[in-house]
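Those sequence lines, one after another, are chains A and B.
Take UniProt numbering: the final residue in the first sequence is number 375, and no numbers are missing along the way.
Take UniProt numbering: the final residue in the second sequence is number 361, and no numbers are missing along the way.
Below: the structure, in structure tokens.
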Amino acid sequence: MKHTDETATDGGEQLSDDQLFGQLAEADRVQLSRRERFGLLLDAYVLTPGRVAWSDWRTRIGILVISLFLLTGLAAKVSTSNWWILEDVTIVESPATNQAPTNHQPFDGGFAAITEEGGWIDTTASFPWVEFNAPLGSTNYGEPIGRQLIHSTPDMIEMVVAGAFVSVGLAILIGITAGYKGGKIDSVLMSITDIVMTMPAIPLVIVIAAIYPPREAWLVGVILAIDAWPGLARALRSQVLTLREESYVEASRTMGIPSTTILSRDITPQLMPYILINAAQAGRSVIFESVALYFLGVLPFTTANWGIMMDTAYSEGFALVNMANFYQIFWPMMAVVIISFGLILFSQGMDRVFNPRIRARHSKKVGTGGEDQEH
Amino acid sequence: MRQYLDRTRNGLVSLFGVLVGLRYYWERIAHAFVTLFAVTTITFALFRLMPGSPADAMRAEFERRLAGQGQAADPEVIDQMVRVHTGFDPDKPIYIQYVEYLRDVIIYQDFGQSIQYGDPVFDILFAAMPWSIFISVYGLAFGYTANILLGAAMAYKEGSRFDSYSTVGATFLNSVPYYVGAFFFLAFFAYDLGWFPGSGRYSRGLEQGLNPEFMLSIVHHGTLPIMSSFIVGFGGGALAMRGNSVRILGEDYLRVARLRGISSTRIATRYVARNAILPLYTQMMIGIAAIFSSSVVLEYIFTYPGVGWYTYDAIMRRDYPLLMGSFLFFTIVTLIGILIAEFTYGIVDPRAGSGDQSEAY
């Protein structure tokens with residue numbers, strides 16, 4: 001028996017090298033039109049994850065909350081925009097003093113007052129549809145709180161996106177390189193991570209803000225990202241430490257593929273779910289900290305912001321001591337809680353999307369070959 | 001004779017073993033010092049090298065103050081005042097200033113002098129430190145105890161109604177920022193119901209010392225800040241603990257332990273809890289830094305004069321030496337906290353610190 005016989009261990013006919021490694025016969029080759037291929041891609045990357053995500057109530061609520069947040073931001077952006085046809089479109093007016101009676105209580109007059117004159121939805125307005133008359137109340141200066149909340153949303157979005165982007169990007173860069181390269185590079189990078197992790201975040205940001213007051217929202221996000229990345233970088237590093245021992249990574253390494261390619265093609269996609277979930281968490285921590293710093297008055301008061309609203313309610317409305325004014329601090333607090341609740345639920349739900357066992361159950365394919373996938 | 005030789009040899013071997021075992025601790029301590037050195041350097045750089053540096057701001061402040069008193073601003077006098085307050089001479093080259101700053105901080109514990117209070121920064125912060133540690137450490141301890149207990153209970157009752165309600169509850173608590181909790185506590189428990197005082201560290205007019213009234217007063221004033229920092233420590237820990245416990249409950253070694261007839265309490269504490277707590281422990285090390293930095297906001301809200309409150313005060317009055325000093329103080333306390341956590345980590349997890357260096361690519 002020759003050593004080449006080993007392919008015939010099933011007792012069947014021995015296959016030639018061409019049959020084993022060559023191309024398929026013309027008839028066996030599966031022909032996919034561009035449209036079908038697009039359908040398969042769409043299915044694999046968009047529809048199936050979407051279906052799995054939507055089947056979980058947490059993701060559903062998370063997506064709803066985040067979409068509401070984004071739509072609010074869009075509405076506020078359109079209202080203040082001076083661009084072409086959007087100039088005349090005003091969905092929600094910008095807040096200003098004396099737009100409402102001062103110290104107007106929220107839901108004034110209870111539910112009976114919904115359509116009454118001067119109630120919280122005033123139908124006497126000339127608009128064909130209903131107009132809200134400060135349903136969430138107004139400040140001591142007669143600024144409607146609802147409008148303030150809505151108009152501070154675009155800046156919050158900018159802050160969250162910038163913060164999440166920078167912190168996750170830094171974490172990916174540092175954590176994955178450290179974990180994969182090992183040795184000296186690892187210890188240097190991890191020392192830097194430890195140093196940043198040790199520096200207390202809020203005092204550090206306060207010191208930076210005292211020297212360089214950030215005027216743009218995205219810059220606030222970037223500064224807040226300074227403290228958000230080390231935890232994630234450490235977590236990613238430990239994940240990479242196990243991934244780099246995998247056989248396919250080792251195969252790539254043996255083939256002489258450069259490290260950057262291995263890192264971007266083989267390792268990072270494996271970590272994507274983890275990274276996405278943490279991006280949502282980073283967004284949450286950026287909101288938490290920026291609101292806290294605006295509340296403290298450390299960051300310059302430039303535009304409307306939930307933290308500034310809380311500060312005004314606290315120091316000028318005496319919202320904590322005077323229970324009648326508690327609503328002034330309540331609404332911005334609720335905004336922070338609701339959006340971070342949405343982000344957390346979303347990230348928990350995404351965890352399920354990336355869990356292969358749950359995903360398999362829902363991966364009903366559209367397009368061609370749906371049944372073949374089962375075999 | 002031979003007996004003694006053997007004994008000596010054994011003693012030497014075990015001493016060597018102890019020293020090798022201690023190497024991990026020495027490394028961690030050295031690491032902490034490197035971190036402290038780096039942070040001091042960054043502090044100095046922030047303080048001195050950035051454009052529009054605090055030293056310039058301070059100089060402008062002194063000029064204004066002297067002009068207000070009707071005195072001509074003599075540059076030499078002002079330089080002298082800046083030197084006294086920051087601890088470095090503006091005329092010397094920066095690297096000499098840096099070395100002198102390090103020397104002052106390390107050897108003389110001299111962080112400069114507070115502009116506003118006129119006292120050495122170290123004395124102000126050292127007096128305030130125990131109060132910050134008091135509210136932070138209890139908050140952290142209670143937060144993590146609650147995490148572990150709730151997480152374990154949820155895992156034990158996995159899939160039950162209690163489990164799903166607690167999951168939603170823990171998620172909700174996770175999305176409530178600590179300062180929002182503090183606002184609610186202040187508004188309802190302090191001002192509306194009047195159960196707890198809304199500010200201060202202890203009641204005035206009490207004899208200070210180890211008498212029960214004074215200590216009760218401290219606890220009374222500390223309750224709301226501790227409850228708020230409890231929220232910081234709570235985080236997503238309960239859910240993490242639940243996840244870890246559920247995974248461990250399905251492991252084979254638990255079945256083996258049960259077949260061997262090991263008691264349920266021993267299984268619960270030695271087999272499940274110990275393994276489930278480990279990942280939480282790492283998370284806690286990161287949490288230490290978070291809880292100290294949150295004290296700036298909490299102490300401001302509760303008017304609780306700890307280091308955080310002085311930090312806020314220093315920013316508002318542009319008292320940069322105090323600000324820099326408190327920043328260094330926060331870092332040192334965080335470092336000590338992390339060191340303690342790391343050293344005890346070796347007790348919780350015997351695998352830690354085995355120090356097998358993985359291959360470098």
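Beta carbons are placed, not taken as given, at the ideal position from N, Cα and C, and that holds for glycine.
Rounded distance between the beta-carbons of residue j and residue i, thought under 8 Å
| i | j | result |
| --- | --- | --- |
| A:R237 | A:A279 | That belief does not hold up - the Cβ atoms of A:R237 and A:A279 are roughly 17 Å apart, past 8 Å. |
| A:I53 | A:G349 | Correcting the residue identity first, residue 53 of chain A is Ala in this sequence and not Ile. Sure, about 6 Å apart at Cβ, within 8 Å. |
| A:H151 | A:A304 | 5 Å |
| B:V246 | B:A155 | 5 Å |
| B:G139 | B:V219 | The pair is not a contact, with the Cβ atoms about 14 Å apart (cut-off 8 Å). |
| residue 370 of chain B | B:H221 | As shown, chain B starts at 1 and ends at 361. That puts residue 370 of chain B outside it, with no answer to give. |
| A:F326 | A:A319 | 5 Å |
| A:V298 | A:A162 | That belief does not hold up - the Cβ atoms of A:V298 and A:A162 are roughly 18 Å apart, past 8 Å. |
| B:A182 | B:F302 | 7 Å |
Within-9 Å CB hit, residue i to chain A
| i | result |
| --- | --- |
| B:F343 | no |
| B:M129 | no |
| B:T223 | no |
| B:R266 | no |
| B:L140 | no |
| B:M316 | yes |
| B:L5 | no |
| B:D252 | no |
| B:T43 | yes |
| B:T303 | no |
| B:P75 | no |
| B:F330 | yes |
| B:S229 | no |
| B:V39 | yes |
| B:F126 | no |
| B:A238 | no |
| B:Y300 | yes |
| B:Y312 | yes |
Contact list for residue i against chain B, beta-carbon separation under 8 Å
| i | result |
| --- | --- |
| A:D194 | H31, T35 |
Cβ neighbours of residue i in the same chain (closer than 7 Å, five flanking residues each side left out)
| i | result |
| --- | --- |
| B:V297 | Y179 |
| B:M241 | N147, I148, G151, A152, A276, L280 |
| B:E27 | none |
| A:T153 | F69, T72, G73, A76 |
| B:T344 | none |
is_contact[residue i, chain B] using C-beta, thresh 9 Å
| i | result |
| --- | --- |
| A:A201 | yes |
| A:R60 | no |
| A:I211 | yes |
| A:T123 | Annotation note: pLDDT 47 at A:T123 (below 50); position unreliable, coordinate value reported separately. Not one chain B Cβ lies under 9 Å of A:T123. |
| A:Q348 | yes |
| A:R34 | no |
| residue 378 of chain A | There is simply no residue 378 of chain A to check, as chain A begins at 1 and stops at 375 in what is shown. |
| A:F38 | no |
| residue 377 of chain A | Residue 377 of chain A lies beyond the range of chain A shown here (1 to 375); nothing can be said about it. |
| A:G297 | yes |
| A:I275 | no |
| A:L204 | yes |
| A:M310 | yes |
| A:R284 | yes |
Own chain, CB closer than 6 Å to residue i, minus 5 neighbours either side, in chain order
| i | result |
| --- | --- |
| B:F122 | Q109, F111 |
| B:I226 | I135, Y138, G139 |
Amino acids of chain A, ordered along the chain, whose beta-carbon sits closer than 7 Å to that of residue i
| i | result |
| --- | --- |
| B:F172 | F341 |
| B:Y191 | L320, V321 |
Amino acids of chain A, ordered along the chain, whose beta-carbon sits closer than 8 Å to that of residue i
| i | result |
| --- | --- |
| B:Y292 | It is Phe, not Tyr, that sits at residue 292 of chain B in the sequence shown. Within 8 Å Cβ-Cβ: P200. |
Neighbouring residues, chain D, relative to residue i (Cβ below 7 Å)
| i | result |
| --- | --- |
| B:V176 | You won't find chain D in this structure, because its protein chains are A and B. |
Chain-ordered chain B contacts of residue i [CB-CB under 9 Å]
| i | result |
| --- | --- |
| residue 376 of chain A | Past the edges of chain A, shown from 1 to 375, lies residue 376 of chain A, and the structure says nothing about it. |
| A:A292 | P177, Y178, Y179, S294, V296, V297 |
Own chain residues within Cβ distance below 8 Å of residue i, not counting five before or after
| i | result |
| --- | --- |
| B:V13 | none |
| A:I223 | V205, I208, A209, P214 |
Neighbouring residues, chain A, relative to residue i (Cβ below 9 Å)
| i | result |
| --- | --- |
| B:I286 | M197, P230, G231, R234 |
Chain B contact residues for residue i, given Cβ-Cβ distances below 7 Å
| i | result |
| --- | --- |
| A:V207 | L46, L323, F327 |
Original post:
How do the stretch 239-249 of chain A and the stretch 187-196 of chain A stand: do at least 3 beta-carbon pairs fall below 8 Å, yes or no?
Top reply: no
Original post:
With contact counted as at least three CB pairs below 8 Å, one residue from each stretch, are the stretch 192-200 of chain A and the stretch 269-286 of chain A in contact?
Top reply: When Cβ pairs closer than 8 Å are counted between the two stretches, the stretch 192-200 of chain A is seen not to touch the stretch 269-286 of chain A, the count staying below three.
Original post:
Any chance the stretch 164-177 of chain B sits against the stretch 192-202 of chain B, with 3 or more Cβ pairs inside 8 Å?
Top reply: no
Original post:
Is there contact between the stretch 216-231 of chain A and the stretch 311-329 of chain B, where contact requires at least three CB pairs shorter than 8 Å?
Top reply: Cβ pair count under 8 Å is below three, so no.
Subject >> Cβ contact (3+ pairs, closer than 8 Å) linking the stretch 332-346 of chain A and the stretch 54-66 of chain A >> reply: yes
Subject >> the stretch 161-175 of chain B contacting the stretch 246-265 of chain B, beta-carbon criterion three pairs below 8 Å >> reply: no
Original post:
Do the stretch 197-204 of chain A and the stretch 135-151 of chain A make contact, defined as three or more Cβ pairs closer than 8 Å?
Top reply: No, they do not touch.
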